[in-house]
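Here is the structure we will look at, set down as structure tokens.
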């Protein structure tokens, strides 16, 4: 994962204060932001909230690009124009959920159409 290799992850950690303090030096290899959220499981609870927010943004961005395509707009131009104004977010800049505009996004770089059920 590029974020871990670059040391740019955020960690939301649950557990005892002592356990958290012992873990931070190890986590610093992969990250730069650390939050002790509370007891065991609290970090996972906040992470699922964060993932939900990301998922909602991905759905919204997908709908925007679907509409833009139906209106005949160029996807790369839409992407370029949306980065900066009020609609911008990390998902749009780094993890575009639609194929095409962002060459490094999973739908463009790694996803293949179709699947096997066997």
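In the numbering used here, the protein residues as written are 1159 to 1276. Glycine residues also receive a C-beta, built at the ideal position from the N, C-alpha and C atoms. Model, not experiment: these values are computed from the prediction.
For residue 1178, is the classification buried or exposed, using 16 other Cβ atoms within 10 angstroms of its Cβ as the cut-off for buried? For the purposes of this step, residue 1178 is identified with residue 20 of the chain shown, where counting begins at 1. So residue 1178 ends up on the buried side.
Short of 7 Å in beta carbon distance, which residues of its chain neighbour residue 1251, apart from the five on each side in sequence? Order them along the chain. Counting from one through the chain shown, the residue named residue 1251 turns up at place 93. Excluding residues within five positions, the ones whose Cβ falls inside 7 Å are 1241.
Per the DSSP calculation, residue 1249 is bridged to which residue(s)? Taking the chain shown and counting its residues from 1, one reaches residue 1249 at position 91. Bridge partners of residue 1249: none, in fact.
Locate the beta strand (DSSP E) running through residue 1212, then write down its first and last residues. As a working note, residue 1212 is residue 54 in the chain shown. No beta strand (DSSP E) holds residue 1212; the alpha helix (DSSP H) holding it covers 1200-1228.
Go to residue 1168, then tell me how far its alpha helix (DSSP H) extends in each direction, as first and last residue. As a position in the chain shown, residue 1168 is number 10, starting the count at 1. Taken as a continuous stretch (DSSP letters only), residue 1168 belongs to no alpha helix (DSSP H), being part of the beta strand (DSSP E) at 1167-1172.
Three-state secondary structure assigned by DSSP to residue 1195: Counting from 1 along the chain shown, the entry for residue 1195 is found at position 37. Strand, per DSSP.
May I have the straight-line CA-CA distance separating residue 1257 from residue 1223, to the nearest angstrom? Here the question's residue 1257 lines up with position 99 in the chain shown. Here the question's residue 1223 lines up with position 65 in the chain shown. Approximately 10 Å, taken between the alpha carbons.
Sequence-distant residues of the same chain with beta carbon closer than 7 Å to residue 1171, five excluded per side: By one-based count along the chain shown, residue 1171 stands at place 13. Excluding sequence neighbours, residue 1171 sits near 1178, 1181, 1192, 1193, 1194, 1195, 1201.
Between residue 1189 and residue 1169, is the Cβ-Cβ spacing less than 8 Å? Here the question's residue 1189 lines up with position 31 in the chain shown. Here the question's residue 1169 lines up with position 11 in the chain shown. It is a contact, given that the beta carbons lie within the stated cut-off.
Consult DSSP for residue 1177 and reduce its assignment to one of helix, strand or coil. In the chain shown, residue 1177 corresponds to position 19, counting from 1. Of the three classes helix, strand and coil, the one that applies to residue 1177 here is helix, per DSSP.
Taking 8 Å as the threshold (C-beta atoms), are residue 1219 and residue 1249 in contact? Along the chain shown, one-based indexing puts residue 1249 at 91. Along the chain shown, one-based indexing puts residue 1219 at 61. Contact flag set, yes.
Tell me the rounded alpha-carbon separation between residue 1184 and residue 1165. Taking the chain shown and counting its residues from 1, one reaches residue 1184 at position 26. Taking the chain shown and counting its residues from 1, one reaches residue 1165 at position 7. Distance between the alpha carbons of residue 1184 and residue 1165 is about 11 Å.
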